[in-house]
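Novice:
Numbering (our numbering), first residue to last: 5 to 121.
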């Protein structure tokens, strides 16, 4: 199987606007999705980003503190999952709990350096 990165982008409203009970319900949805993927042995890893603050460094060494005005959607986290192809990875992404918040999932196959040996 191949590995795919599912990159989650934050939609509106952000988690900060949710009530504590809504937040707990949202976390339960995430936990259930992760447990389902683990039970199928297709979950590799995943993380949420702590904040929407980013630092970007250019080739000339200039450091810029974000969030950036030009960013319409900010990365909020990622999963790495195992799937046979993009279609199977897209099927896995259908369980993403935050579609109803306007969030999105981008999927990209992970390239390994062993592919070039």
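Glycine included, C-beta positions come from ideal geometry on N, C-alpha and C.
According to DSSP, simplified to helix, strand and coil, what is residue 13?
Specialist: It is a strand residue.
Novice: Measure the alpha-carbon distance for residue 73 versus residue 6 and round it to whole angstroms.
Specialist: For residue 73, the predicted model reports a pLDDT of 49, less than 50, meaning its position is unreliable; a value from the coordinates is still stated below. For residue 73 and residue 6, the distance between alpha carbons rounds to 35 Å.
Novice: Closer than 7 Å by C-beta to residue 37: which residues in its own chain qualify, once you throw out the five before and the five after it? Chain order, please.
Specialist: 99, 101
Novice: Would DSSP call residue 115 helix, strand or coil?
Specialist: coil
Novice: Near residue 52, what residues of its chain come up, given a Cβ to Cβ distance below 7 Å and the 5 sequence neighbours on each side ignored?
Specialist: 80, 81
Novice: Look at residue 114 and residue 10 and say whether their C-beta atoms are less than 8 Å apart.
Specialist: no
Novice: Below 8 Å on the Cβ atoms is my guess for residue 12 versus residue 107; work out the distance and round it to an integer in Å.
Specialist: 6 Å
Novice: Give me the Cα-Cα distance between residue 28 and residue 48, rounded to the nearest whole angstrom.
Specialist: Our two residues, residue 28 and residue 48, have alpha carbons roughly 24 Å apart in a direct line.
Novice: Cβ atoms of residue 85 and residue 31: under 8 Å apart, would you say?
Specialist: no
Novice: Should residue 97 go down as buried or exposed, given a rule of 16 or more other Cβ atoms within 10 Å for buried?
Specialist: Residue burial annotation: residue 97 is buried, with at least 16 other C-beta atoms found within 10 angstroms of its C-beta.
Novice: Please identify the residue among 104, 109, 39 whose C-alpha is closest to the C-alpha of residue 78.
Specialist: Comparing Cα positions, the closest option is 109.
Novice: In chain order, which beta strand (DSSP E) runs of at least 3 residues are fully inside the region 16–52?
Specialist: 47–52
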